[in-house]
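Asker:
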Amino acid sequence: MSENIYDIIIIGGGCAGLTASVYARRAGKTVLLLENNSFGGQISLSDGVENFPGFMNISGVELSDRLHTQATALGTETVFDTATGIKESGAYKTVTAEYGEYTGRAVIIAGGLRHRKTGLAEEDKFIGKGVSYCAVCDGAFYKNKGVAVLGGGNTALGDAAFLADMCESVTVIHRRSEFRADKSTVLKLKGKSNVNYELDSVLTAINGENSLTSVGVENTVTGEKKEIPVSGLFVAIGQLPQNGAYKDIVELDEYGYIKAGEDCRTSRAGIFAAGDCRTKELRQLVTAAADGAVAATNACSYADGVE
Ligand code: NAP
């Protein structure tokens, strides 16, 4: 067992994890936060954030910096390490990681998720400059412009319907002719006059200089190739929760999300889940922040032995 025993260990330095650390520190708890990449999580890749209360527009990098600064100024200890699991050791929980083991009374998992990517080489270059994984977050940046949505599931078609109300046109690119999305979602989209469909089609190119200007598609049935001028590409081909390391200690749902309700309690006492990694309806910055507050408050009570 490691020398230091923290009251609370937080896995993940995105909005949920950093908010949790603020609440736990303000409650007087010792807090260690593990992050494996960069603080801020998904927003660190976002060009601008316009839906976080108090900010008309703030760059994702600046908001990430502010969250991190606030957490560390309040005394959160941080370490760059990748959690590989959680073990129970008597009354304590030990987080195993690539470079060490960290022991605490309670653990908050706030590891977020990754969006499945297209696999095209240019994709990363245009993240925040035309490529987005979140229509609710970034749609307003493409008001009165042409955009494309990749995917045929509920997220893609829901995103397309949302975008159709503000964008000049929306092109849905899907690799099959049938949609995976629910009938009601398909019907809702079919009612929009500014939506075009490229079915049986794969994305072949993401083009532009400093920002996205067009995408390439190829029809896999006819072999026809097209270049479609768009300012935005919304990639909605599934999400990949990063919860595999915890599957033996907390219950996951069929998609890999940690089963936890609005109280952020998992199936294991003393382990909480906050933000996009847990089962929830709306995955947004504000709901991640709210989870951070709830998870930390409940983890503090657990660490105090009052529950
Ligand atoms: P999803 O249902 O897994 O759909 C992913 C879509 O992306 C599918 O159409 C799939 O095509 C396509 N796709 C996957 N990999 C691809 C690739 N490499 N290249 C191109 N296309 C690819 O994911 P989701 O839409 O994010 O939804 C996840 C879960 O949340 C689902 O259960 C969904 O019903 C649920 N959800 C519900 C709501 C709602 O109820 N309002 C809203 C959003 C999401 P194929 O169809 O050919 O496999």
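Sequential numbering from 809 applies to the sequence shown in my numbering. Beta carbons: idealized from backbone N, C-alpha and C, even for Gly.
#1: Under a three-way DSSP split, which group does aspartate 873 fall into?
#2: So, valine 994 versus alanine 956, is the Cβ gap smaller than 9 Å?
#3: Does leucine 1011 come out as helix, strand or coil in the three-state DSSP assignment?
#4: Report the residue ranges of all alpha helix (DSSP H) runs contained in full by the stretch 933-994; include only those spanning at least 4 residues, in chain order.
#5: Examine the ligand NAP and report whether any of its heavy atoms sits within less than 8 Å of the Cβ of alanine 929.
#6: Out of Thr1021, Pro1049, Asn1027, state which residue places its alpha-carbon closest to the alpha-carbon of valine 1038.
#7: Name the one or two DSSP bridge partners that proline 1049 has.
#8: What is the DSSP secondary structure of alanine 1068, counted as helix, strand or coil?
#9: Pair every Cβ in the stretch 926-937 with every Cβ in the stretch 1051-1061, then say whether three or more of these pairs are closer than 8 Å.
#10: Alpha carbon to alpha carbon, how far is glycine 1016 from aspartate 1099? Give it in angstroms, no decimals.
#11: Is histidine 876 near the ligand NAP, in the sense that its beta carbon is under 8 Å from a heavy atom of that ligand?
#12: Helix, strand or coil: which one does DSSP assign to methionine 809?
#13: Out of Asn1004, Ile935, Leu875, which one is the CA nearest neighbour of glycine 954?
#14: If you compare alpha carbons, which of Gly1078, Glu1006, Ala972 is closest to histidine 982?
#15: Beta-carbon within less than 6 Å of valine 839's beta-carbon, same chain only, minus the 5 sequence neighbours each way: which residues are those?
#16: On the three-state DSSP scale, how would you describe valine 1029?
#17: For glycine 822, which residues from the same chain have a beta carbon less than 7 Å from its beta carbon, with the 5 sequence-adjacent residues on both sides left out?
#18: According to DSSP, is serine 1075 helix, strand or coil?
Answerer: Per the coordinate set shown:
#1: helix
#2: no
#3: strand
#4: 943-946, 962-972
#5: no
#6: Thr1021
#7: Leu921
#8: coil
#9: no
#10: 38 Å
#11: no
#12: No answer about methionine 809 holds up, because its pLDDT of 47 lies below 50 and its placement is not dependable.
#13: Asn1004
#14: Glu1006
#15: Ile816, Ser829, Ala832, Arg833, Thr884
#16: coil
#17: Gly848, Gly849, Gln850, Ala918, Gly920, Gly1083, Ala1096
#18: coil
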